[in-house]
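*Asks:* Before anything else, here's the structure in question.
Number of protein chains: 2
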Amino acid sequence: MENIIEVVAGIDIGGTNTKFGLVDKKGNCYCEGSVPTNSDRNIENFVNELSKLIKENLTSQPDLQLKGIGIGVPNGNYYKGTIEHAANLKWKGIVPLAKLFKSHFEVPVALTNDANAAAIGEMVYGGARFMKDFIVITLGTGLGSGLVSNGKLIYGHDGFAGELGHTIVRHNGRQCGCGRRGCLETYASATGIRRTVFEILSESMENSPLRDISFNELTSDKIAEAATKGDVIAKEAFEYTGELLGQKLADSVAHTSPEAIFLFGGLAKAGDLILKPTQQSLEKHLLPIYRNKIKVLLSEMGEINAAILGAGALIWKEIEQN
Amino acid sequence: MENIIEVVAGIDIGGTNTKFGLVDKKGNCYCEGSVPTNSDRNIENFVNELSKLIKENLTSQPDLQLKGIGIGVPNGNYYKGTIEHAANLKWKGIVPLAKLFKSHFEVPVALTNDANAAAIGEMVYGGARFMKDFIVITLGTGLGSGLVSNGKLIYGHDGFAGELGHTIVRHNGRQCGCGRRGCLETYASATGIRRTVFEILSESMENSPLRDISFNELTSDKIAEAATKGDVIAKEAFEYTGELLGQKLADSVAHTSPEAIFLFGGLAKAGDLILKPTQQSLEKHLLPIYRNKIKVLLSEMGEINAAILGAGALIWKEIEQN
């Protein structure tokens, strides 16, 4: 009799592509694949296609036994298993995603938003393995966050807790996609730092290679590259981004007093360029009782598998608790 | 054989007085008393005196059986059972309060800060009885807060979570006792609204009975009284206080997404004067996904017993969980 390996399916639904993998409890990945998210098919067909691929992978590796399905998706409601009014997905209104997957598989299904999945991934497989109180900040196009307290993710009453990207860092500040002004993600995100570069370019006389790049062509990678080569504008943009992020994280510390704050995602790839000014600013802005206690760290989850592992970790946690 | 009534001692240590009571699981109080906090005796003698009083009450009511001791105290560290560097108490440094009580009583002892005790009181005896995610804001001399998520108080890594009074509502705003600027409690508290009255008096030409009262004589009760009589300055001060409190609570909602936020303490006694502008401002400043979901309510704990009941509820919760 062969050895059975228990796995879960981790699914990460992004605006453009959906990635999936079969993951065991230790984080070993037995297959990976992806399908486009935004093609013409409706949600039922999308789930059908994805389910078929997962089943094919399970059939070709008969020692794998599926125990559950975990999904990270924008505006994922953990309590209801639904996607609710996700601006970046074409399926509008309230989508009963967990229910749709359950019609294909007789295993538990859980979903949450991508930043919460990243936080659970960090707790199960990453740098927060021995922590009960921490925050994960994802610095991508926007700023996402997952808060863990007493060893549990904070979902809140409605399942939508942890939107630190939409806390206000500057009263009447930059315009935000949410319709308000001064949200943290308008400063601290891959998009935010581009806006900051353009603000500094407008104010400063300093020469810079960034003056040859349009707003739409500019990326946080290009800003990081310029900063590494010593460009003054790019370096100042990282300083300012870390300054505002640290300032606002001091408020978050006053809420949940975490052991550590992890930075993850595109902008976090810049490493010390973003980490150092964030650490310094946080420390400077903390209420005295919190000083010299809170670590700001780079996520230990690799970029490639993190989303799949995070979604997988979500459902492993569920299985463990039941 | 007579009926045994199980009770806990609820102790509320304030800067001036320490109140205590014996409380059963339903919140019935079998005795109450108080001793001065700030007399000349050291901490050992303070605990001796208080323990003696509790024992006398237990002896005189032999049907009462003591099951535990719960304490609300400024800078109380739940994890360690200590008071740590409390600015308003004369016992300096780190005081092993739980240990001292345990030398007098062979029952479990738990302590936390007064706002956390208020939150647990609200959960056990008050308006949050059927809630798992809520926030209690205490509007006294300062602004305290207790956050409950997944049915548990958020203590944080170090035991000091929930200092919303020291989140920043105005960058470079009013000077705060903590050494920083713009903290929420410099606006939203009994002291904050006095500062606001004086700011408005300085800017406005409006006549007001508040012009006859010195800063040190002014109280939030007097401001509420003036507002009730139609004084424009006093009404504007409440509007502004609620506006800033609601603005900042929108940030807190983006952290823990509570079902309700309860207002408690001296300033909350003003009722609708503070409640209405806070509700309106919160709703206006919320991220769209949170709108029309979050209740802002007055605490259902009476002023008189709330602190004792809260401290009692803290230890009842502990006993329940073990």
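If you read the sequences in order, they're chains A and B. Residues 1 to 322 (this note's numbering) are what the first sequence spells out, left to right. Residues 1 to 322 (this note's numbering) are what the second sequence spells out, left to right. All C-beta atoms in this analysis are idealised placements derived from N, C-alpha and C, irrespective of residue type, glycine included. Small disclaimer: the values here were computed from a predicted structure and weren't measured.
#1: State the Cα-Cα distance for the pair Cys178/A and Leu244/B, rounded to the nearest angstrom.
#2: To which residues of the same chain is Arg194/B closer than 8 Å at the C-beta, ignoring the five residues directly before and after it?
#3: Name the one or two DSSP bridge partners that Gln65/B has.
#4: Are at least three pairs of beta-carbons, each pair with one atom in the region 292-300 of chain A and one in the region 249-262 of chain A, less than 8 Å apart?
#5: Could you tell me which uninterrupted beta strand (DSSP E) segments, each at least 3 residues in length, are contained entirely in the region 215-290 of chain B, listed from first to last along the chain?
#6: Does the Cβ of Tyr125/A have 16 or more other Cβ atoms within 10 Å, making it buried, or fewer, making it exposed?
#7: Taking just the CA atoms, how far does Leu139/B sit from Glu122/B?
#8: Among Ile233/B, Leu164/B, Met205/B, whose alpha-carbon lies nearest the alpha-carbon of Val256/B?
#9: Who are the near neighbours of Asn88/A in its chain, counting only those whose CB is closer than 6 Å to its CB and skipping five residues on each side?
#10: Within 10 angstroms of its Cβ, does Ser145/B collect 16 or more other Cβ (buried), or is it exposed?
#11: Let's see if you can read the secondary structure: which residues bound the alpha helix (DSSP H) around Gly121/B?
#12: For Gly182/B, which residues from the same chain have a beta carbon less than 8 Å from its beta carbon, with the 5 sequence-adjacent residues on both sides left out?
#13: In or out: Tyr79/B buried (at least 16 other Cβ within 10 Å) or exposed?
#14: With 9 Å set as the bound, which would you pick, yes or no: does the beta-carbon of Lys132/A sit closer than that to a beta-carbon of chain B?
#15: Counting beta carbon pairs with one atom in the region 92-110 of chain A and one in the region 22-32 of chain B, are three or more of them shorter than 8 Å?
#16: Assuming Leu201/B is part of the alpha helix (DSSP H), what are its boundary residues?
#17: For Thr167/A, return the contacting residues in chain B, with the cut-off set at a CB-CB distance below 7 Å.
#18: Within its chain, find whatever has a CB closer than 8 Å to the CB of Glu3/B; leave out the 5 residues flanking it on each side and keep chain order.
#19: Within its chain, find whatever has a CB closer than 8 Å to the CB of Arg180/B; leave out the 5 residues flanking it on each side and keep chain order.
#20: So the candidates are Leu201/B, Ala250/B, Ala117/B, Gly242/B; which of them puts its Cα closest to the Cα of Asp231/B?
#21: Excluding the 5 residues preceding and the 5 following Gly266/B in the sequence, name in chain order all residues of the same chain whose CB lies nearer than 6 Å to its CB.
#22: What residues from chain B crowd round His104/A, counting only those whose CB sits closer than 9 Å?
#23: How would you label Pro96/A, buried or exposed, when you count the other beta carbons within 10 angstroms and need 16 or more for buried?
#24: Does any residue of chain A bring its CB to less than 9 Å from the CB of Arg174/B?
#25: If you check the beta carbons only, do Val35/A and Leu58/A fall under 9 Å apart?
#26: In or out: Asp114/A buried (at least 16 other Cβ within 10 Å) or exposed?
#27: For Glu49/B, collect the residues of the same chain with a Cβ closer than 8 Å to its Cβ; drop the 5 residues on either side in sequence, then sort them by chain order.
#28: Buried or exposed: where does Thr247/A fall if 16 or more other Cβ atoms within 10 Å of its Cβ makes it buried?
#29: Using three-state DSSP, classify Lys99/A as helix, strand or coil.
#30: Does any CB atom of chain A fall closer than 9 Å to the CB of Phe324/B?
#31: Over what stretch of residues does the alpha helix (DSSP H) that includes Ser60/B continue unbroken?
#32: Go ahead and pull the three-state DSSP assignment for Ile168/B.
#33: For Leu287/B versus Ala250/B, is the C-beta distance shorter than 9 Å?
#34: Helix, strand or coil, according to DSSP, for Thr186/A in the structure here?
#35: If the cut-off is 7 Å on Cβ atoms, which residues from the region 134-161 of chain B count as contacting chain A, listed in chain order?
#36: Which chain B residues are close to Glu163/A, counting only those with a beta carbon under 9 Å from its beta carbon?
*Replies:* The short version:
#1: 20 Å
#2: Phe215, Leu218, Thr219, Ser220, Ile223
#3: Glu6/B
#4: yes
#5: 260-264
#6: Counting Cβ neighbours within 10 Å, Tyr125/A comes out buried, since at least 16 surround it.
#7: 15 Å
#8: Val is not the amino acid found at residue 256/B; the sequence shown has Thr there. The candidate whose alpha carbon is nearest that of Thr256/B is Leu164/B.
#9: Gly15, Pro74
#10: Within a 10 Å sphere around the beta-carbon of Ser145/B sit 16 or more other beta-carbons, which makes this residue buried.
#11: 114-125
#12: Ile168, Val169, Arg170, His171, Asn172, Gly173, Arg174, Cys176
#13: exposed
#14: yes
#15: No, because fewer than three Cβ pairs between the region 22-32 of chain B and the region 92-110 of chain A fall closer than 8 Å, the two stretches do not touch.
#16: 190-203 is the span of the alpha helix (DSSP H), which, as asked, contains Leu201/B.
#17: Close to Thr167/A, with beta-carbon spacing below 7 Å, are these residues of chain B in chain order: Asp251, Ala254.
#18: Rather than Glu, the amino acid found at residue 3/B in this sequence is Asn. Excluding positions up to five away in sequence, the list reads Asp63.
#19: His166, Ile168
#20: Cα-wise, what sits closest to Asp231/B is Leu201/B.
#21: Gly140, Ala190, Ser220
#22: Those do not exist, as His104/A stays about 29 Å from chain B at its closest Cβ, beyond 9 Å.
#23: exposed
#24: no
#25: no
#26: buried
#27: Val35, Arg41
#28: It should be pointed out that residue 247/A corresponds to Gln in this sequence rather than to Thr. Under this definition Gln247/A is a buried residue.
#29: helix
#30: Given a span of 1 to 322 for chain B in the structure shown, any question on residue 324/B remains unanswerable.
#31: Segment 43-60, the alpha helix (DSSP H) holding Ser60/B.
#32: strand
#33: yes
#34: helix
#35: Leu147, Ser149, Asn150, Lys152, Ile154, Gly156, His157, Asp158, Phe160, Ala161
#36: Val253, Ala254, His255, Ser257, Leu287, Ile289, Tyr290
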